[in-house]
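Undergrad: Quick one: this structure, given as C-alpha coordinates, is what I'll be asking you about.
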Amino acid sequence: MDKERLTNVPDFFGELDGGVFENKIAAVLNDVASGVLNNRAKGKVTISLEISPFDDNRVKISHKLSSVRPTARGKSSEEDTTETPMYVNRGGKLTILQEDQGQLFTLAGETDAKLRGTN
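When we follow my numbering, the leftmost residue of the sequence shown carries the number 149, and every step to the right adds one.
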(Lines of atoms letter the chains of each structure in order from A and count residues from 1; the text may use other names and numbers.)
(Lines give C-alpha, C1' and ligand atoms only; values in the text may rest on other atoms or scores of the structure.)
Protein backbone atom coordinates (compact mmCIF):
# COMPACT_ATOMS: atom_id res chain seq x y z
CA MET A 1 0.00 0.00 0.00
CA ASP A 2 1.18 3.51 -0.82
CA LYS A 3 2.63 5.04 2.36
CA GLU A 4 0.96 8.36 1.50
CA ARG A 5 -2.46 6.68 1.78
CA LEU A 6 -1.86 5.30 5.27
CA THR A 7 -3.54 6.99 8.23
CA ASN A 8 -1.06 9.25 10.01
CA VAL A 9 -1.26 7.76 13.52
CA PRO A 10 0.09 10.75 15.51
CA ASP A 11 -2.33 13.07 13.65
CA PHE A 12 -5.16 10.56 14.13
CA PHE A 13 -4.75 10.44 17.92
CA GLY A 14 -4.27 14.21 18.00
CA GLU A 15 -7.64 14.71 16.26
CA LEU A 16 -9.69 12.39 18.48
CA ASP A 17 -12.10 14.30 20.71
CA GLY A 18 -10.76 17.62 19.40
CA GLY A 19 -7.25 16.89 20.70
CA VAL A 20 -8.42 16.13 24.24
CA PHE A 21 -7.97 12.35 23.92
CA GLU A 22 -4.23 12.76 23.43
CA ASN A 23 -4.02 14.78 26.66
CA LYS A 24 -6.08 12.15 28.49
CA ILE A 25 -3.63 9.44 27.38
CA ALA A 26 -0.68 11.49 28.67
CA ALA A 27 -2.36 12.10 32.03
CA VAL A 28 -3.33 8.43 32.48
CA LEU A 29 0.18 7.24 31.59
CA ASN A 30 1.67 9.60 34.19
CA ASP A 31 -0.85 8.52 36.83
CA VAL A 32 -0.39 4.78 36.28
CA ALA A 33 3.41 5.01 36.06
CA SER A 34 3.52 6.91 39.37
CA GLY A 35 1.28 4.32 41.01
CA VAL A 36 3.45 1.47 39.73
CA LEU A 37 6.65 3.09 40.98
CA ASN A 38 5.23 4.08 44.39
CA ASN A 39 3.48 0.77 45.11
CA ARG A 40 5.73 -1.74 43.30
CA ALA A 41 2.78 -3.42 41.58
CA LYS A 42 1.66 -3.72 37.96
CA GLY A 43 -0.63 -1.19 36.36
CA LYS A 44 -2.46 -1.25 33.04
CA VAL A 45 -3.52 1.26 30.36
CA THR A 46 -5.84 0.12 27.56
CA ILE A 47 -6.91 2.08 24.48
CA SER A 48 -9.88 0.61 22.61
CA LEU A 49 -11.18 1.88 19.25
CA GLU A 50 -14.55 0.86 17.80
CA ILE A 51 -15.38 2.00 14.25
CA SER A 52 -18.99 2.13 13.02
CA PRO A 53 -20.77 3.71 10.02
CA PHE A 54 -21.80 7.36 10.42
CA ASP A 55 -22.87 8.74 7.01
CA ASP A 56 -21.93 8.40 3.32
CA ASN A 57 -18.20 9.07 3.66
CA ARG A 58 -17.59 9.19 7.42
CA VAL A 59 -17.27 6.70 10.24
CA LYS A 60 -17.80 7.18 13.97
CA ILE A 61 -14.81 6.26 16.10
CA SER A 62 -15.63 5.39 19.70
CA HIS A 63 -12.43 5.65 21.71
CA LYS A 64 -12.21 4.22 25.20
CA LEU A 65 -9.35 4.80 27.59
CA SER A 66 -9.18 2.43 30.58
CA SER A 67 -6.60 2.33 33.32
CA VAL A 68 -5.76 0.37 36.46
CA ARG A 69 -3.43 2.13 38.89
CA PRO A 70 -1.96 0.33 41.90
CA THR A 71 -2.56 1.99 45.26
CA ALA A 72 -1.33 1.34 48.80
CA ARG A 73 -4.45 -0.74 49.57
CA GLY A 74 -5.15 -2.35 46.21
CA LYS A 75 -5.92 -0.67 42.90
CA SER A 76 -7.96 2.12 41.36
CA SER A 77 -9.57 1.83 37.93
CA GLU A 78 -11.05 4.40 35.59
CA GLU A 79 -12.73 4.31 32.17
CA ASP A 80 -13.47 7.18 29.75
CA THR A 81 -15.33 6.81 26.41
CA THR A 82 -15.89 9.50 23.77
CA GLU A 83 -16.71 9.55 20.03
CA THR A 84 -15.33 11.38 16.99
CA PRO A 85 -16.64 11.31 13.39
CA MET A 86 -13.89 11.03 10.77
CA TYR A 87 -13.75 11.00 6.99
CA VAL A 88 -12.64 7.87 5.15
CA ASN A 89 -10.56 9.13 2.23
CA ARG A 90 -9.10 7.32 -0.75
CA GLY A 91 -7.38 4.10 0.33
CA GLY A 92 -9.15 4.16 3.71
CA LYS A 93 -7.06 7.01 5.15
CA LEU A 94 -8.81 8.48 8.22
CA THR A 95 -8.78 12.26 8.70
CA ILE A 96 -10.89 14.80 10.56
CA LEU A 97 -11.25 16.91 7.38
CA GLN A 98 -12.10 15.51 3.97
CA GLU A 99 -9.02 15.45 1.70
CA ASP A 100 -10.89 15.64 -1.63
CA GLN A 101 -13.54 18.37 -1.63
CA GLY A 102 -14.74 17.40 -5.11
CA GLN A 103 -15.02 19.48 -8.27
CA LEU A 104 -16.47 22.93 -7.55
CA PHE A 105 -16.25 24.35 -11.10
CA THR A 106 -16.50 23.00 -14.65
CA LEU A 107 -13.67 23.48 -17.17
CA ALA A 108 -15.58 26.53 -18.49
CA GLY A 109 -15.47 28.10 -15.02
CA GLU A 110 -19.15 27.63 -14.23
CA THR A 111 -20.29 26.22 -10.89
CA ASP A 112 -20.78 22.49 -10.65
CA ALA A 113 -24.38 21.22 -10.95
CA LYS A 114 -24.48 20.41 -7.24
CA LEU A 115 -23.61 24.00 -6.37
CA ARG A 116 -26.18 25.48 -8.82
CA GLY A 117 -28.99 23.84 -6.86
CA THR A 118 -28.12 25.80 -3.73
CA ASN A 119 -28.21 29.27 -5.34
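C-beta atoms are modelled at their ideal positions from N, C-alpha and C, and glycine is treated no differently.
Would you kindly work out how many angstroms separate the C-alpha atoms of R188 and D228, rounded to a whole number?
TA: The straight-line gap from Cα to Cα measures roughly 25 Å.
Undergrad: Check the DSSP bridge columns for K274 and list the partner residues they point to.
TA: Nothing about residue 274 can be reported from this structure: the residues present for the chain run from 149 to 267 only.
Undergrad: Name the DSSP bridge partner or partners of V216?
TA: K192, S225
Undergrad: Quick one: any contact between the stretch 198-205 and the stretch 214-225, if contact means 3 or more CB pairs under 8 Å?
TA: no
Undergrad: From which residue to which residue does the alpha helix (DSSP H) around G162 run?
TA: Taken as a continuous stretch (DSSP letters only), the alpha helix (DSSP H) holding G162 covers 157-163.
Undergrad: Look at the alpha carbon of N186 and the alpha carbon of A175, and state the distance between them as a whole number of angstroms.
TA: 17 Å
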